[in-house]
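I have placed the structure first, in the form of C-alpha cells, so that the comments after it can refer back to it.
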Amino acid sequence: MTVAASLLLFKFVLAGGLALWLTLGFFNNVMAFGAGVAAIGRLMNMQMFEQPPAIQHPLLSRRTDKPILHLLVYSFVTLIEGAAAVLFWYAVFGLGGALFAGADVGEAVARANLALSALAFMCFIMLLGGGWFAYHIRQEGMQLTHFTLIGLSVLGAIVMNMPPV
2 MTVAASLLLF KFVLAGGLAL WLTLGFFNNV MAFGAGVAAI GRLMNMQMFE
52 QPPAIQHPLL SRRTDKPILH LLVYSFVTLI EGAAAVLFWY AVFGLGGALF
102 AGADVGEAVA RANLALSALA FMCFIMLLGG GWFAYHIRQE GMQLTHFTLI
152 GLSVLGAIVM NMPPV
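First residue of the sequence shown? That's 2 in my numbering, and the numbers climb one at a time after it.
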C-alpha cells in the first residue's frame, strides 16, 4: 500500500467513524425525543442554578420555561445532527470510491469538508446556545465536550485536506 493510499484509507475510516457516531446519536435522540426535549427544557429554564448552593445571577433573566421553544430547539439540533450524518455518509461513499474505484479524490475531500462543516455548525449551535443560558457555570463538562467536538472538526478538516505525500 502506498503512503497516498494509506492516507486515503485513514480519511475513509475517519469519515466512516464520524458517520456511524452521528447516525447512532441521531437515532438515540429520535428514540428518546421526549427525554431530550426535557433536558433542553432544564437547560433553557436554567434549573442548574437552583441546585444547592443556589446561585443568583443576572443572566437568570434569560431563562425560558416555554415547552414549545424547548421542542423547537431540540428538533433543530436533532435535524442538524441527522443532516451531518447524511453528509458524512455521502463523504464515506466518495472516499470509498476514491480508495477502491479510482474516483476523484478532490470531490471526495470536498464532500468530507461539507460534512465536517455541518458537524462544526452543530457544535457551535450547542456551544452558543449553552453559553446564552450560562451552562458553563454548572455544566462545564458539557461546554468542554462542545469545544472538543469543534476541535475534532478542525482536526478532521486538517487531515482531510492533507495532500498525499
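We put the CB at the ideal spot given by N, CA and C, even for glycine.
Find out if the Cβ-Cβ distance for the pair residue i, residue j is shorter than 7 Å.
| i | j | result |
| --- | --- | --- |
| Gly-95 | Phe-13 | no |
| Met-163 | His-147 | no |
| Glu-82 | Gly-26 | yes |
| Trp-90 | Ala-20 | yes |
| Asn-30 | Thr-79 | yes |
| Met-161 | Val-110 | yes |
Among residues of its own chain, excluding the 5 on either side of residue i, which ones have a beta-carbon nearer than 6 Å to its beta-carbon?
| i | result |
| --- | --- |
| Leu-115 | Leu-88 |
| Ser-154 | Leu-117, Leu-120 and Ala-121 |
| Gly-35 | none |
If you drop the 5 nearest sequence neighbours on each side, which residues of the same chain put their C-beta closer than 8 Å to that of residue i?
| i | result |
| --- | --- |
| Leu-10 | Met-2 and Leu-100 |
| His-58 | Phe-50, Ala-135 and Ile-138 |
Where do the N-terminal and C-terminal ends of the alpha helix (DSSP H) with residue i fall, by residue?
| i | result |
| --- | --- |
| Val-106 | 106–133 |
| Ser-7 | 4–32 |
| Thr-149 | 141–161 |
Spatial neighbours of residue i within its chain, please: C-beta separation below 7 Å, excluding the five flanking residues on both sides.
| i | result |
| --- | --- |
| His-71 | Val-38, Ile-41, Gly-42 and Met-45 |
| Ala-85 | Leu-23, Ala-116, Ala-119, Leu-120 and Met-123 |
| Met-143 | Gly-131 and Tyr-136 |
Kindly give me the distance between the Cβ atoms of residue i and residue j, rounded to whole angstroms, as I take these residues to be in contact under 8 Å.
| i | j | result |
| --- | --- | --- |
| Leu-61 | Met-49 | Not a contact, Cβ separation roughly 11 Å. |
| Ala-135 | Arg-112 | That belief does not hold up - the Cβ atoms of Ala-135 and Arg-112 are roughly 37 Å apart, past 8 Å. |
| Pro-165 | Leu-15 | Not a contact, Cβ separation roughly 15 Å. |
| Ile-56 | Ile-151 | Incorrect: roughly 27 Å between the Cβ atoms, too far for contact. |
Quiz item: What are the complete alpha helix (DSSP H) segments, minimum 4 residues, inside the region 68–109?
Solution: The DSSP assignment places 68–102 as complete runs of the alpha helix (DSSP H) inside the region 68–109, in order along the chain (cut-off: 4 residues).
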